[in-house]
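Student: Below is a structure I'd like to ask you about.
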Amino acid sequence: IDMTKIRFTGFDGASVFSGECNGVSAKFRQIYSNSILFIHCRAHILQLCLLSACEDIPEVKESLLTLKSLFNFINRSSTRLVRFNDIQTLLKHPQLKLIQPGDT
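Counting the sequence shown from 1 gives a position; the numbering used here is that position plus 2.
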């Protein structure tokens with residue numbers, strides 16, 4: 003990647019990335035060009051909005067907690083993870099990989 007062609011950086015709102023003085027975005031501006039702009043990741047903003055909206059709907063909040071608990075239950079045991087994969091094979095489903103749900 004030609005770093006001199008970077009015009010924007012997009013991260014979540016964590017200060018390690020977006021910090022004005024020591025964030026990754028600030029380092030890009032210091033090293034390459036002051037004209038590099040930081041854009042808060044739109045997908046992250048959308049996720050934060052959805053999570054905030056879901057807080058007011060008890061059924062959705064409970065469903066998300068149940069899914070998170072299910073992920074933790076399966077993923078914290080190699081035996082359960084193998085069985086999860088075996089069930090997918092037995093049912094002739096494509097092998098899905100469990101992905102940890104994000105908090106933000």
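Virtual Cβ for every residue (Gly too), placed ideally from N, Cα, C.
1. Can you tell me the Cα-Cα spacing of LYS63 and LEU50, whole angstroms?
2. Between which two residues does the alpha helix (DSSP H) holding LEU72 run?
3. How about CYS43 and ASP14: do their beta carbons lie closer than 8 angstroms?
4. Looking only at DSSP bridge pairs, what is GLY12 linked to?
5. Examine the Cβ distances between the segment 4–14 and the segment 34–43 and report whether three or more of them are shorter than 8 angstroms.
Tutor: Let me spell this out:
1. In the sequence shown, counting from the first residue as 1, residue 63 sits at position 61. In the sequence shown, counting from the first residue as 1, residue 50 sits at position 48. The straight-line gap from Cα to Cα measures roughly 14 angstroms.
2. Locating residue 72 in the sequence shown gives position 70, where the first residue counts as 1. Run containing LEU72: 60–77, per the alpha helix (DSSP H) assignment.
3. As a position in the sequence shown, residue 43 is number 41, starting the count at 1. As a position in the sequence shown, residue 14 is number 12, starting the count at 1. Yes, they are a contact pair.
4. Stepping through the sequence shown from its first residue, residue 12 is reached at position 10. According to DSSP, which records beta bridges pairwise, GLY12 is partnered with ILE41.
5. Because the criterion of three Cβ pairs below 8 angstroms is met, the segment 4–14 and the segment 34–43 touch.
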